[in-house]
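Colleague: Residue numbers (our numbering): 192 to 471. Before we start, here is the structure in question, set down as structure tokens.
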């Protein structure tokens, strides 16, 4: 029989138990947020990343093919919060994704992406948005689309409120005439027919109540096909419509007076202007 010997370490009669190895806590992103600034007042958009432990920044970059901002950052809350800013190319309604790489005091790194949306809610709109306008009371947004050709009314207070009307032409712009509360819709001025027309819609039922064809006058070349490029109204119903030749060439402006049955004519100031009234 071979005797077995057991050794034990005791201190003052108690067993000495070695301490457990330290447990590493990996880096974790707890939350993220951002605040929209006001560039006119010198207040930049600010993005915030909150971590579970102190970190230092290796890099923060915007994932984009067209914008390469010189992002700046600062650390706070004992290094657990990163704030970065200087994204000058952001626009309302868009999404922006960033890649960040950070490391802790143990030299361990953590890399991930985070996205921020410059809107509170995204509403599904079928087709390509050509133009939109918000009513003066900020209660509704009217949107015109192509493919399919439609006009939407979207509630801004109640975003579940959506109604739409179909159009038999490709729209380019919608204008609310504050004088009669009618919608004046411009046709898309390229590669379509009836580009010299303005359509007047009743927003209550979506019916096109009137179609205005821009007439040639003595200042137009009768061989040129006119196209309507822009239109806007004052509160008195006095409108200015910009027309020109198809695709290329000079443009000129005319009066569209909705107070008098949508009469269209050349303004005397345009006639007597030094440059002949052309806008380039």
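Glycine residues also receive a C-beta, built at the ideal position from the N, C-alpha and C atoms.
Look at the Cβ atom of residue 402, then the Cβ atom of residue 390, and state whether they are nearer than 7 Å.
Modeller: Yes, Cβ-Cβ distance for residue 402 and residue 390 is below 7 Å.
Colleague: Taking the alpha carbon of residue 456 as the point to measure from, which residue in 406, 417, 412, 450 has its own alpha carbon closest?
Modeller: Ranking the options by Cα distance to residue 456, first place goes to 406.
Colleague: Less than 7 Å between C-beta atoms, sequence neighbours within five positions excluded: which residues of the same chain meet that for residue 363?
Modeller: Excluding residues within five positions, the ones whose Cβ falls inside 7 Å are 321, 322, 377, 378, 379, 380.
Colleague: Thinking residue 472 and residue 428 are a contact (beta carbons under 8 Å), I'd like their distance in whole angstroms, please.
Modeller: Because the chain spans 192 through 471 in this model, residue 472 falls outside it and cannot be assessed.
Colleague: Counting only runs of 4+ residues fully inside the region 248-329, write out the alpha helix (DSSP H) ranges in chain order.
Modeller: Runs found: none.
Colleague: Between the C-alpha atoms of residue 298 and residue 227, what's the straight-line distance to the nearest angstrom?
Modeller: Approximately 33 Å between the Cα atoms of the pair.
Colleague: Near residue 324, what residues of its chain come up, given a Cβ to Cβ distance below 8 Å and the 5 sequence neighbours on each side ignored?
Modeller: For residue 324, where only same-chain residues beyond five positions count, the Cβ hits under 8 Å are 332, 333, 365, 366, 367.
Colleague: Just to confirm my understanding: we take residue 236, look at its own chain, exclude 5 residues before and 5 after, and list those with CB closer than 8 Å. What are they?
Modeller: Hits under 8 Å: 225, 226, 227, 228, 276, 278, 281.
Colleague: Restricting to Cα atoms, I'd like to know which of 458, 431, 451 is closest to residue 409.
Modeller: Answer by Cα proximity: 458.
Colleague: In chain order, what residues of the same chain have a beta carbon less than 6 Å from the beta carbon of residue 470, not counting five sequence neighbours either side?
Modeller: Residue placement at residue 470 is poorly supported in this model, since its pLDDT is 41, which falls under 50; the coordinates still yield a value, given next. Excluding sequence neighbours, residue 470 sits near 442.
Colleague: Is there at least one Cβ from chain C nearer than 7 Å to residue 426's Cβ?
Modeller: Although the question refers to chain C, the structure presented lacks it and comprises just one protein chain.
Colleague: List the endpoints of the continuous beta strand (DSSP E) containing residue 357.
Modeller: First-last of the beta strand (DSSP E) with residue 357: 353-357.
Colleague: For residue 241, which beta-bridge partners are listed by DSSP?
Modeller: The partner list for residue 241 (beta bridge, DSSP) reads 222, 272.
Colleague: How is the beta strand (DSSP E) around residue 342 delimited, first residue to last?
Modeller: It spans 341-346 - the beta strand (DSSP E) in which residue 342 sits, taken as one unbroken run.
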